[in-house]
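Chemist: Below: one structure in structure tokens.
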Amino acid sequence: MSASAASAGTGVFVLSLMSIPICYLFNSLIANSAQAFIFAGCSTVIILSIAHFMFKKKAPADPLFYVYAVYAFFSVVNLIIGLEQDNIIDGFVTFYLRQADPHINTAHGHMISYWDGCVHYLMYLLMIAAITWGDSYRAIGLYWVGSFLMRAIVYILGSTVGKHGTEVNYFFLLHMLYISVSIWACFRIFSQPSTQEDEFTEAEPKSLLHRPLDLLFIIYLVPAFAFCVFRGLVVLDCSSTWCQEYTQQYEPYLKDPTAYPKAQMLVGMLYSGPYYIITLYGLMVPGCEWMPDLTLVHSGALAQAQFTHICASLHTRTPFSYRVPAGGQPVFLLVNILYALMPQALCYRCRTRPAFFLRPTPDKKTD
Numbered sequence: 001m002s003a004s005a006a007s008a009g010t011g012v013f014v015l016s017l018m019s020i021p022i023c024y025l026f027n028s029l030i031a032n033s034a035q036a037f038i039f040a041g042c043s044t045v046i047i048l049s050i051a052h053f054m055f056k057k058k059a060p061a062d063p064l065f066y067v068y069a070v071y072a073f074f075s076v077v078n079l080i081i082g083l084e085q086d087n088i089i090d091g092f093v094t095f096y097l098r099q100a101d102p103h104i105n106t107a108h109g110h111m112i113s114y115w116d117g118c119v120h121y122l123m124y125l126l127m128i129a130a131i132t133w134g135d136s137y138r139a140i141g142l143y144w145v146g147s148f149l150m151r152a153i154v155y156i157l158g159s160t161v162g163k164h165g166t167e168v169n170y171f172f173l174l175h176m177l178y179i180s181v182s183i184w185a186c187f188r189i190f191s192q193p194s195t196q197e198d199e200f201t202e203a204e205p206k207s208l209l210h211r212p213l214d215l216l217f218i219i220y221l222v223p224a225f226a227f228c229v230f231r232g233l234v235v236l237d238c239s240s241t242w243c244q245e246y247t248q249q250y251e252p253y254l255k256d257p258t259a260y261p262k263a264q265m266l267v268g269m270l271y272s273g274p275y276y277i278i279t280l281y282g283l284m285v286p287g288c289e290w291m292p293d294l295t296l297v298h299s300g301a302l303a304q305a306q307f308t309h310i311c312a313s314l315h316t317r318t319p320f321s322y323r324v325p326a327g328g329q330p331v332f333l334l335v336n337i338l339y340a341l342m343p344q345a346l347c348y349r350c351r352t353r354p355a356f357f358l359r360p361t362p363d364k365k366t367d
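Counting from 1, one number per residue, gives the positions in the sequence shown under the working numbering.
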């Protein structure tokens, strides 16, 4: 790695921290919502221009370097938004919170701000570091792809069909621009060559009896599939006594009128449900080379979804009647944390021991 590439990576980190004084300055200057929208749009152009000026002679050729540099900047902005909403800081984005997309002031949007300001920010810095070092960042990128897709789908559905559906404003359109660029970035990440072949180590036994960990994952996938379908039925107003009791005792947040939890559970039922079935097949039949990548995307999506769901269900921004009752919190936390952690463990298993999922190469003939 050259010194210029290293300095480019450091420059991105410094650029992201510039969002702190910039937010404070513009919060004092903005007077109306039109100016706020113009500021949001101009900030993107300004940051791109600054990034190009700072890195034009030393930045890597990968265009995603610039994308992640801008995203890192706005991740810090999102962290500032979350901190100001919790009254930890003040005077940085006060006007924006009054005029912004209504989503940002919901419990779901509040948790998304923290997720983007912490987890996504870390991923952006790691991918930028990998780019400057000339290393592959496909694994981190696929994890980000899952997290981004879950966030984007839930945001679009919840913003258009929930109680804030009639309040869509300019910031929603600006967010759609972010989604469009991110989808392009997703395709760029998927197009990168996989490094799984380089990680091939030792052949694994094909029988499940000799793979107890995989057997444990298979046992887990069955109730996980049932759980995601069950919560999907709950948000679809299933009249079953079990569904009604579960909602009242453990997850009343599923009935929140903002529709974000409903959208999240429907996405889980329609996408995670089939994923569990496909993963069952992948764990039983050798040679499914798509398994490591698929588990990466899904674990990123579930981590983001469960963090947002758990925290929003307990946060004071959620009306009291939709928060988890005190008596049901132990069961709620146990089930939902396990539901979030098991995909991470499965992903780790597939990435660290991928031999079972790789198709064997024919032995070279010897003279």
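No residue lacks a Cβ here, since even glycine has one placed at the ideal position from N, Cα and C.
Predicted model, so just to flag it, every value in this text is computed and none were measured.
(1) In this structure, does DSSP put H315 in helix, strand or coil?
(2) Suppose contacts are defined by Cβ-Cβ distances below 8 Å. Is V285 in contact with L254 by that definition?
(3) Could you check the C-alpha separation between K365 and A355 for me, to the nearest Å?
(4) Using the rule of at least 16 other Cβ atoms within 10 Å of the residue's Cβ for burial, across every protein chain shown, is T195 buried or exposed?
(5) Can you have a look at M336 and say buried or exposed, based on whether 16 or more other CB atoms are within 10 angstroms of its CB?
(6) Closer than 8 Å is the cut-off here; do at least three beta carbon pairs connect the segment 124-139 with the segment 109-116?
(7) For the alpha helix (DSSP H) that N27 lies in, which residues bound it at each end?
(8) Give, in chain order, every unbroken run of the alpha helix (DSSP H) that is at least 4 residues long and sits entirely within the segment 135-170.
(9) Looking at the structure shown, is I88 part of a helix, part of a strand, or coil, going by DSSP?
(10) If you reduce the DSSP assignment to three classes, tell me which class S194 lands in.
(11) Along the chain, where does the alpha helix (DSSP H) that runs through D214 open and close?
(12) How many angstroms separate the CA atom of F317 from the CA atom of R151?
(13) Does any residue of chain C bring its CB to less than 8 Å from the CB of A326?
(14) Apply the 10 Å Cβ neighbour rule to D367 and answer buried if 16 or more other Cβ atoms are within range, or exposed otherwise.
(15) Can you give me the start and stop residues for the alpha helix (DSSP H) that S113 sits inside?
(16) Could you name the residues of the same chain whose beta carbon sits closer than 7 Å to that of V77, not counting the 5 residues immediately before and after it, in chain order?
(17) In its own chain, which residues sit with a C-beta less than 8 Å from the C-beta of N27, not counting the 5 before and 5 after it?
(18) Does P325 come out as helix, strand or coil in the three-state DSSP assignment?
(19) How is the alpha helix (DSSP H) around M284 delimited, first residue to last?
(20) If we call anything under 8 Å between Cβ atoms a contact, is S272 one with C228?
(21) Under 8 Å, do T368 and M111 count as touching if we go by C-beta distance?
(22) So, under 8 Å CB-CB, Y143 and M123 are touching, yes? Tell me the CB distance rounded to an integer number of Å.
(23) Consult DSSP for K364 and reduce its assignment to one of helix, strand or coil.
(24) From which residue to which residue does the alpha helix (DSSP H) around C243 run?
(25) Which same chain residues, not among the five before or five after A301, have their C-beta less than 7 Å away from its C-beta?
(26) Using 8 Å for Cβ pairs, my map puts F217 next to L294. What's the rounded Cβ distance?
(27) Using CA coordinates, which residue listed in G232, D214, T132 and T258 is at the minimum distance from N105?
(28) What residue range is occupied by the uninterrupted alpha helix (DSSP H) comprising W133?
(29) For the alpha helix (DSSP H) containing F95, list its first residue and its last residue.
(30) Three-state secondary structure (DSSP) at G9?
(31) Compare the C-alpha of F357 against each of M291, V154, Q329 and P102 and name the closest.
(32) Identify which residue in M176, I310 and F187 has its Cα closest to the Cα of Y250.
(33) State the CB to CB distance for the pair A369 and H298, rounded to an integer number of angstroms; the pair is presumed to be in contact (CB under 8 Å).
(34) Is the separation between the beta-carbon of A8 and that of T132 shorter than 8 Å?
(35) Considering only the beta carbon of each residue, do S180 and H120 sit closer than 8 Å?
Modeler: Taking the structure as given:
(1) Taking the sequence shown and counting its residues from 1, the one referred to as residue 315 is at position 315. Three-state result, H315: coil.
(2) Here residue 285 corresponds to residue number 285 of the sequence shown, with the count starting at 1. Here residue 254 corresponds to residue number 254 of the sequence shown, with the count starting at 1. The Cβ atoms of V285 and L254 do not sit closer than 8 Å to each other.
(3) The sequence position of residue 365 within the sequence shown is 365, counting from 1. The sequence position of residue 355 within the sequence shown is 355, counting from 1. Model confidence at K365 stands at a pLDDT of 40, short of 50, so the residue's coordinates are unreliable; what they give is reported in the following sentence. Spanning the two alpha carbons is a distance of roughly 22 Å.
(4) Against the sequence shown, residue 195 aligns to sequence position 195. Label assigned to T195: exposed.
(5) The sequence position of residue 336 within the sequence shown is 336, counting from 1. The displayed chain sequence assigns Asn, not Met, to residue 336. Under this definition N336 is a buried residue.
(6) Fewer than three beta-carbon pairs drawn from the segment 124-139 and the segment 109-116 are found closer than 8 Å, and the two stretches are therefore not classed as touching.
(7) Within the sequence shown, the letter at position 27 stands for residue 27. Counting along the chain, the alpha helix (DSSP H) containing N27 begins and ends at S19 to L29.
(8) You should have 138-161.
(9) The residue you call residue 88 lines up with position 88 of the sequence shown. Here I88 sits in coil by DSSP.
(10) As a first step, residue 194 is located in the sequence shown; it is residue number 194 there, counting from the start. Coil at S194, not helix or strand.
(11) Translated into the one-based positions of the sequence shown, residue 214 becomes position 214. Note, D214: alpha helix (DSSP H), P212 to V235.
(12) Here the question's residue 317 lines up with position 317 in the sequence shown. Here the question's residue 151 lines up with position 151 in the sequence shown. Here residue 317 is Arg; the residue named in the question, Phe, does not match the sequence. R317 and R151 have their C-alpha atoms spaced approximately 19 Å apart.
(13) Absent here is chain C; the protein component of the structure consists of one chain.
(14) Indexing the sequence shown from 1 puts residue 367 at position 367. Caution applies to D367, whose pLDDT of 39 falls short of 50 and renders its modelled position unreliable; the value that the coordinates give is listed next. Classification of D367: exposed, given that the 10 Å Cβ count is below 16.
(15) One-based indexing of the sequence shown puts residue 113 at position 113. A107 to W115 is the extent of the alpha helix (DSSP H) around S113.
(16) Position 77 of the sequence shown holds residue 77. Taken in chain order, the residues that qualify are S19 and C23.
(17) Here residue 27 refers to the residue found at position 27 of the sequence shown. So the qualifying residues of the chain are G91, F92, V93, T94, F95 and Y96.
(18) Here residue 325 is taken as the residue at index 325 of the sequence shown, counted from 1. Coil, per DSSP.
(19) As a first step, residue 284 is located in the sequence shown; it is residue number 284 there, counting from the start. From DSSP, the alpha helix (DSSP H) with M284 extends over G273 to M284.
(20) For the purposes of this step, residue 272 is identified with residue 272 of the sequence shown, where counting begins at 1. For the purposes of this step, residue 228 is identified with residue 228 of the sequence shown, where counting begins at 1. C228 is positioned such that its CB atom lies closer than 8 Å to that of S272.
(21) No information on residue 368 is available, as it lies outside the stretch 1 to 367 that the chain covers here.
(22) As a working mapping, residue 143 is identified with position 143 in the sequence shown. As a working mapping, residue 123 is identified with position 123 in the sequence shown. Right, the Cβ-Cβ distance comes to about 7 Å (below 8 Å), so this counts as a contact.
(23) Taking the first residue of the sequence shown as position 1, residue 364 is located at position 364. Only weak support is given to the placement of K364: the predicted model assigns it a pLDDT of 42, under 50, and the value that follows is read from those uncertain coordinates. DSSP, reduced to helix, strand and coil, places K364 outside both helices and strands of the structure shown, so it counts as coil.
(24) The sequence position of residue 243 within the sequence shown is 243, counting from 1. The continuous alpha helix (DSSP H) containing C243 extends over residues T241 to Q249.
(25) Counting from 1 along the sequence shown, the entry for residue 301 is found at position 301. Closer than 7 Å at Cβ, skipping near neighbours: G146, S147, L149 and M150.
(26) As a working mapping, residue 217 is identified with position 217 in the sequence shown. As a working mapping, residue 294 is identified with position 294 in the sequence shown. F217 to L294, Cβ: 13 Å. No contact.
(27) The residue labelled residue 105 in the question sits at position 105 within the sequence shown. Per the Cα distances, T258.
(28) As a first step, residue 133 must be located in the sequence shown, where it is residue number 133. Residues Y121 to W133.
(29) Numbered from its first residue, the sequence shown carries residue 95 at position 95. Residues T94 to Q99.
(30) In the sequence shown, counting from the first residue as 1, residue 9 sits at position 9. Helix at G9.
(31) Residue 357 sits at position 357 when you count from the first residue of the sequence shown. For F357, the nearest C-alpha among the options comes from M291.
(32) Walking along the sequence shown from the start, residue 250 turns up at place 250. For the residues M176, I310 and F187, the minimum Cα distance to Y250 belongs to I310.
(33) Missing from the structure shown is residue 369; the chain here goes from 1 to 367 and no further.
(34) Here residue 8 is taken as the residue at index 8 of the sequence shown, counted from 1. Here residue 132 is taken as the residue at index 132 of the sequence shown, counted from 1. Yes, these two residues count as a Cβ contact at 8 Å.
(35) For the purposes of this step, residue 180 is taken as residue 180 along the sequence shown, with counting starting at 1. For the purposes of this step, residue 120 is taken as residue 120 along the sequence shown, with counting starting at 1. No, the Cβ-Cβ distance between S180 and H120 is not below 8 Å.
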